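Chemist: Chains as they are written, first to last, in this note's numbering: chain A, 176 to 371; chain B, 11 to 359; chain C, 642 to 1160. Here a beta-carbon is modelled for each residue, glycine too, at the ideal position from N, C-alpha and C. For clarity, every value in this text was computed on a predicted model and none was experimentally measured.
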Amino acid sequence: MTHLPGPIFNAPGRATADRGLPTPAYDTPRPGPQKEKRLSARPTFFQRLIVPGLLRTWWSGVRHIWQKKLTVQWPEQVREVSDNYRGVHRLNKDDRGRMKCVACFLCQTACPANCIRIEAGPSPWPDRPKYAVRFTIDELRCVFCGMCEEACPEDAIELTRIYSLVGTRRDEMLFDKEQLLTMYDLTRDEKHPLRW
Amino acid sequence: MMIAINLVKVLIVFAFVQAMAGLTLWAERRLSALMQDRWGPNRLGPFGLLQPLADSVKLLLKEDITPQGVDRLLYYLAPAMSLAPALMTVAVVPFGEPVTLFGQYVVPLQVADIHLGILFILAVGSLEIYGIVFGAWASNNKYSLLGGVRSVAQMLSYELFMGGSLVGVVMLTGSLRLNDIVASQQHLLWGWLPAWNLFRQPLGFVVFLVAAFAETNRLPFDLPESEQELVGGYHTEYSSMKFVMFFIAEYAAVFTMSALLATVFLGGYGLPGLSVAECGPVWWLPVAQAAVFLTKTLLFVLLFITVRWSLSRLRYDQLMRLGWKVMLPLALLNIVVTGTLMFLWRTTG
Amino acid sequence: MSDVRLTIDDREVVVPEGTTILEAARSVGIEIPHFCYHPGLSAPSNCRMCLVEVQGQDKLVPSCATAVADGMVVRTGTPRVHESHRSVMEFYLSNHPLDCPVCDQAGECVLQDYSYGWGSATSRFEETKVTQPVKDVGPDIVLYADRCIMCTRCVRFLREVSGTGELSVIHRGVRSEIHVAGDRPVTNPLAGNIVDICPVGALCSKDFLFKCRVWWLTSTASACPRCARACSIRVDSSEGRILRIKPRENAAVNGMWICDEGRFAFRQWHGAGRLDVPLVNGDRGFTHCDWDEAIALAARSLRQVAMRYGGESVAFIGSPWATIEENMLLARLFVSLGATMGSLWPAPAESPQRFPGFEISGEKAWNVAGARRTLMDVAGQLLTLDRLADEIERGRVRAVYALGGAYRGALVPCDDLGLELLEFFAIQTCFVTDKGLKANLILPGASPYEKVGTVRNERGVLQEVNAVMSPPGQARRDWDILMALAKALAATVDDDLTRAVLDRPAAQWNYTRSASGNE
Ligand code: SF4
Ligand code: SF4
Ligand code: SF4
Ligand code: FES
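The following block contains the structure:
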């Protein structure tokens, strides 16, 4: 084997450390004196025995059996989501309980996943000409990017921290206006620490 | 009456092996999960024990697909052919000393007590490959065929020293009967070490263990299936019940092989001090012996599983080199050493 | 008139005397912001957005009303000009509602565009904004008076082009508003144009209101099928539905306007009533059949008649609603079968409507001239429907194949044709109402908005027609139906025929007087 020059080959972890990124755990040098290990083309006699190596490999898997498990046991155990979590949408209501949305279609325009569908019509209230007669979000297509929330000039659409979003049929996941307004009632008193 | 008892025995043993195959499947899924820091199936029944049941119901309900251009006869035959040998091997494995029923019938706790037990096992074990080869050939799929070809080459190479590694044991026992082999391991060496062949034939044990892994097509020797390159190998084209049979065959084979390992190298159902000779014909003895046997077997099952989830698959040339250049010489060496030692032992008394 | 030489933003410009600075700048591609100026109307110079700097003059001048002079040096981008734009915009926005989210004009709004250039993100206006009502100004038009910027384009249009003058300005200053007298709503046949020329979202079309945001519209250039003038239009559609039609500027055809009849003609072609499966007339009346059967039946019947009575006994009828190419293919196909007699459905006739600045033709189909000329060219003669009826009665015509595609409510006039004497009559048409025809076969064709081809208007101008969408259900473009028929007839029509039609685009058939319009 030819000698490979350069820092990457004899100092694992260097490449990431150089860029100021956190060093991944598997690259962290063990505490204690560091002996430089050389890769050599010819295995030592000990390596040639194979069996000790096999045992070590086997053990490295087996010891995980009693180590900490990462799986979250939903629904008994609920995952703590981040303060900025973006889950199911809600359509906000104003202080008179009417939907705030004025059907400007800006969320539909901003949505990169094309999952919002609005039908506008003349509004029943005198203070605005237009409102959303139908408002459907395909939660299956949504990528929860929050662009709709950003785009809305009326603060009418927001993403809640609700993340348990399940259904058994596709059409169940097309949330209509009523469902989205209900999401508001469900989360009205909740705080979204970073956003509202 | 004897016939009835034998029939019952056959039913019990075969049903038991099938049940154990299911259990092994469950254990495999749980253990693999644990080894990967997950929990695995733990919802259905206590500890998820009913998962295999749910799985089989699911598989039963799947569409049974017969692809175009298959060789129908072999295609239908193959799954059965791979399941049968695994069940047959277990027939000669004893799981307790003979018991006397109703004061008159002496019933061996074993389906068939035949004199050529070991040979029978080797012979039937190598039949298992036909299921794989037929399935692979009949599927009319290049990946399956490659799996089949690999499987043949692998079996041919590994059968050889599998037999060789058992010769030492047979020499020590002087018999091919499994009951005799078990009986010969019941005393203590130097007063404290059980005279298990594991200790008397360490080299033979290692060689046989390697062969056992290869024989059951388990990692690190699962080249016939290798999901990554052969998309499942010989059973790629199988679905529904036929796939289930291949699946069960694999786990039945694991269980059978473990039973064999326990019998030949760990003293079978025996523990020092646990025999008719020492305890008398008490009612709980067969139960205790069966339990001992099962425990030893399960130890090997666990080994099979943990090895699968920690070691990686050998490359094909490595597989061949290991078989012909390492294991075969070792098996031969084992025979020579055993012979020499036995000769020295006898002559020096 | 002599030419005048001047400099605009350091560029030498030569324009005829009497041109305004704004137009001179436009002619070389320099855009000066403006609201009240419209190329088709007089210039009242009341919006003050178009002020520019002219060397030697202390005050900025309104470019829309200032005629050019020799040696003039004009600057449109100096700080002073920009400052003026900013002040003007501040005045406009001080009283303008923040309606963009709900305003139909958003996206094509001039005020919005200029706000990006010269608007201010904050407002210094501390008074209460004047609020004005939403007014119903006519059956198709609604006025959001709040958004109005008093450019008076609509008032001028109604005075100068339609000559009806329904709208006027009342009150003064910030309280000025567009007024419509209760007993005189805007109902004239050109009314829709005031929505188009309103630079903001004050005048809205009720038909289009809230239907779609304009940035989702796909625009297709086409011609209006509604009368023989064949105005250049822009068809705006979304998701395969036409949502609105606007005029395209084309000096040779329609100038800048279209009439409301053409503007809303598309409604006829949407939804119920469209024929979308081939119908065959059997023992049980009309029943659905599939295309292969229908085409085979037509080919078989036509060939039988031609063999039994000779090719002359087959006649064809072209259509002024079909394109030139379709008529030509029809004529060539049947002439090659041996047919000598062809006719053309007459377009419904109304009296033409004249306005001070526009004229609506009385012939109610777009391609009357094109179809007649094409059929004459190929067949050598064109029988009137009466002559054709005679020939049918005398038994010299036994089978007729017709292009229909009429406008709803204006069925082809076939009552006196003696269709019951024929052995075979097939027609390609669009509406199920045509089931009343005594036809053996009715084939579902395409509407004018679903076709590709060329039409020629009454003044001889050729225009390209583009498909906005595909025909509904199983309906097909008439060209495709004729091609299928030609194939089934395996006539000598093969490649020669289509090549004859397709290789020489209509524009080269010497029918042209001038090219089609520009946007
Ligand atoms: S979160 Fe993103 S993807 Fe989902 S609806 Fe809003 S804009 Fe669309
Ligand atoms: S952006 Fe807001 S106001 Fe506009 S349509 Fe979406 S939810 Fe309604
Ligand atoms: S007229 Fe233009 S600026 Fe005014 S609300 Fe409508 S889109 Fe916005
Ligand atoms: S465009 Fe010149 S003043 Fe309005």
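#1: Excluding the 5 residues flanking C:I1062 on each side, which residues of the same chain have their C-beta closer than 6 Å to its C-beta?
#2: Confirm, please, whether the CB-CB distance from B:W36 to B:L59 is below 8 Å.
#3: Using a Cβ-Cβ cutoff of less than 7 Å, which residues in the same chain neighbour C:G959 once the five nearest sequence positions on both sides are dropped?
#4: Taking a Cβ distance cut-off of 9 Å, strictly less, list which residues of the segment 272-290 of chain A are near chain C, in chain order.
#5: Got a sec, what are the start and stop residues for the alpha helix (DSSP H) A:D364 sits in?
#6: Can you tell which of C:R875, C:D848 and C:F851 has its C-alpha closest to the C-alpha of C:T861?
#7: Mind listing which residues of the segment 836-867 of chain C have their C-beta closer than 9 Å to chain A's C-betas, in chain order?
#8: Which residue from B:L87, B:N189, B:L309 and B:E239 puts its Cα closest to that of B:L156?
#9: By DSSP, does C:M1017 sit in helix, in strand, or in coil?
#10: For the pair the segment 896-916 of chain C and the segment 680-688 of chain C, tell me if three or more CB-CB distances fall below 8 Å.
#11: For B:M352, which residues in the same chain have their Cβ closer than 6 Å to its Cβ, ignoring the five residues on either side in sequence?
#12: Within 7 Å: the Cβ of C:M730 and any heavy atom of ligand 4?
#13: Less than 7 Å between the CB of A:A307 and some heavy atom of ligand 2, yes or no?
#14: Along the segment 315-346 of chain A, where does the CB come closer than 7 Å to a CB of chain B? Name the residues.
#15: Please classify B:V159: does DSSP put it in a helix, a strand, or coil?
#16: Going by the beta-carbon positions, is the gap between B:G106 and B:L97 smaller than 8 Å?
#17: Cβ atoms of C:A665 and C:V709: under 8 Å apart, would you say?
#18: Need the endpoints of the alpha helix (DSSP H) that B:N189 sits in, please.
#19: Using CA atoms only, rank isn't needed, just tell me which of B:S320, B:C289 and B:G278 is closest to B:T305.
#20: When burial is assigned at 16 or more other CB atoms within 10 Å of the CB, is A:P199 buried or exposed?
#21: Within 10 Å of its beta-carbon, does C:Y757 have 16 or more other beta-carbons around it, so buried, or fewer, so exposed?
#22: For ligand 1, I want to know if A:C320 counts as a neighbour, meaning its beta carbon is within less than 7 Å of at least one of the ligand's heavy atoms.
#23: Where does C:H679 fall in DSSP's three states?
#24: For C:V722, does the count of other Cβ atoms within 10 angstroms reach 16, so buried, or fall short, so exposed?
#25: DSSP puts C:C845 in a beta bridge; with which residues?
#26: Would a C-beta distance cut-off of 8 Å place C:P1089 and C:P987 closer than the cut-off?
#27: Just to confirm before moving on: does the CB-CB distance between C:W1007 and C:C865 stay below 8 Å?
#28: Contact between the segment 307-319 of chain B and the segment 221-231 of chain B: three or more CB pairs below 8 Å?
#29: With 16 other CB atoms within 10 Å as the buried threshold, where does C:C795 fall?
#30: At 3 residues or longer, what runs of the beta strand (DSSP E) sit wholly inside the segment 295-348 of chain A?
#31: Under 8 Å between C-beta atoms, does C:P738 make it to chain A?
#32: So which residues on chain D does C:V743 lean against when the C-beta distance must stay under 8 Å?
#33: Between C:V645 and C:D711, which are expected to be in contact by the criterion C-beta below 8 Å, what is the C-beta distance as a whole number of angstroms?
#34: For ligand 4, is there a heavy atom less than 7 Å away from the beta-carbon of C:H675?
#35: Using only the alpha-carbon positions, how far apart do B:I124 and B:W334 sit?
#36: Given the structure, does C:C688 come close to ligand 4, in the sense that its CB is under 7 Å from one of the ligand's heavy atoms?
Modeler: Reading from the atomic positions:
#1: For the purposes of this step, residue 1062 of chain C is taken as residue 421 along the third sequence, with counting starting at 1. The question names Ile, but residue 1062 of chain C is Leu in the sequence shown. Close CB contacts of C:L1062 within its chain, under the 6 Å cut and outside five residues either way in sequence, are with I1033 (chain order).
#2: As a first step, residue 59 of chain B must be located in the second sequence, where it is residue number 49. As a first step, residue 36 of chain B must be located in the second sequence, where it is residue number 26. In this structure, B:W36 lies closer than 8 Å to B:L59 by Cβ.
#3: Taking the third sequence and counting its residues from 1, one reaches residue 959 of chain C at position 318. Contacts found: N968, L971, A972, G983, L985, A1012, L1016 and L1044.
#4: Residues V277, A278, C279, F280, L281, Q283 and T284.
#5: Counted from its first residue, the first sequence places residue 364 of chain A at position 189. Careful: A:D364 lies outside any alpha helix (DSSP H) and carries neither H nor E.
#6: Along the third sequence, one-based indexing puts residue 861 of chain C at 220. Looking at C:R875, C:D848 and C:F851, the one whose alpha-carbon comes closest to that of C:T861 is C:R875.
#7: If you check each beta-carbon in the segment 836-867 of chain C against every beta-carbon of chain A, the ones closer than 9 Å belong to L850, F851, K852, C853, R854, W856 and W857.
#8: In the second sequence, the residue the question calls residue 156 of chain B occupies position 146. For B:L156, the closest of B:L87, B:N189, B:L309 and B:E239 by C-alpha to C-alpha distance is B:E239.
#9: Your numbering for residue 1017 of chain C matches position 376 in the third sequence. If DSSP states are grouped into helix, strand and coil, C:M1017 belongs with the helices.
#10: Verdict: yes, contact present.
#11: Taking the first residue of the second sequence as position 1, residue 352 of chain B is located at position 342. Taken in chain order, the list of residues that qualify is empty.
#12: Mapped onto the third sequence, residue 730 of chain C falls at position 89. It does not: the Cβ of C:M730 is nowhere closer than 7 Å to a heavy atom of ligand 4.
#13: For this step, residue 307 of chain A is matched to residue 132 along the first sequence. Result yes, Cβ under 7 Å from ligand 2.
#14: Within the segment 315-346 of chain A, no residue qualifies.
#15: The residue you call residue 159 of chain B lines up with position 149 of the second sequence. Here B:V159 carries a helix assignment [DSSP, helix/strand/coil].
#16: As a first step, residue 106 of chain B is located in the second sequence; it is residue number 96 there, counting from the start. As a first step, residue 97 of chain B is located in the second sequence; it is residue number 87 there, counting from the start. Contact: no.
#17: By one-based count along the third sequence, residue 709 of chain C stands at place 68. By one-based count along the third sequence, residue 665 of chain C stands at place 24. The answer is yes: Cβ separation under 8 Å.
#18: Residue mapping note: residue 189 of chain B aligns to position 179 of the second sequence, counting from 1. That run of the alpha helix (DSSP H) goes L188 to A193.
#19: Translated into the one-based positions of the second sequence, residue 305 of chain B becomes position 295. B:T305 has its Cα closest to that of B:G278, out of B:S320, B:C289 and B:G278.
#20: Here residue 199 of chain A corresponds to residue number 24 of the first sequence, with the count starting at 1. Low confidence applies here, because A:P199 scores a pLDDT of 49, under 50, leaving its location unreliable; read the following figure in that light. So A:P199 ends up on the exposed side.
#21: Here residue 757 of chain C refers to the residue found at position 116 when the third sequence is read from its first residue. The residue in question, C:Y757, is exposed, as its Cβ has fewer than 16 Cβ neighbours within 10 Å.
#22: The residue you call residue 320 of chain A lines up with position 145 of the first sequence. Yes; taking the cut-off as 7 Å, the Cβ of A:C320 has a heavy atom of ligand 1 nearer than that.
#23: Reading the third sequence from its first residue, position 38 is the one you call residue 679 of chain C. Residue state, collapsed to three classes: coil.
#24: Residue 722 of chain C sits at position 81 when you count from the first residue of the third sequence. Result: buried.
#25: In the third sequence, residue 845 of chain C corresponds to position 204, counting from 1. Note: C:C845 sits in a beta bridge opposite C:V783.
#26: One-based indexing of the third sequence puts residue 1089 of chain C at position 448. One-based indexing of the third sequence puts residue 987 of chain C at position 346. Not a contact, by the Cβ cut-off of 8 Å.
#27: What you label residue 1007 of chain C is simply residue 366 of the third sequence in a count that begins at 1. What you label residue 865 of chain C is simply residue 224 of the third sequence in a count that begins at 1. Yes.
#28: At 8 Å Cβ cutoff, the stretches touch.
#29: Translated into positions along the third sequence, residue 795 of chain C becomes position 154. Counting other Cβ atoms within 10 Å of its Cβ, C:C795 reaches 16 or more and is therefore classed as buried.
#30: Runs of beta strand (DSSP E) with 3 or more residues, each lying fully within the segment 295-348 of chain A, are found at 305-313 and 332-334, listed in chain order.
#31: For this step, residue 738 of chain C is matched to residue 97 along the third sequence. Chain A, which has no Cβ nearer than 8 Å to the Cβ of C:P738, makes this no.
#32: Given the protein chain composition of this structure (A, B and C), no chain D is represented.
#33: Start at 1 with the first residue of the third sequence, and residue 645 of chain C comes out as number 4. Start at 1 with the first residue of the third sequence, and residue 711 of chain C comes out as number 70. C:V645 to C:D711, Cβ: 5 Å. Contact.
#34: Numbered from its first residue, the third sequence carries residue 675 of chain C at position 34. With a cut-off of 7 Å, the C-beta of C:H675 is classified as near ligand 4, since at least one heavy atom of the ligand falls inside that distance.
#35: In the second sequence, counting from the first residue as 1, residue 124 of chain B sits at position 114. In the second sequence, counting from the first residue as 1, residue 334 of chain B sits at position 324. Cα to Cα, B:I124 sits roughly 31 Å from B:W334.
#36: If you number the third sequence from 1, residue 688 of chain C lands on position 47. Distances taken from the Cβ of C:C688 to the heavy atoms of ligand 4 include one shorter than 7 Å.
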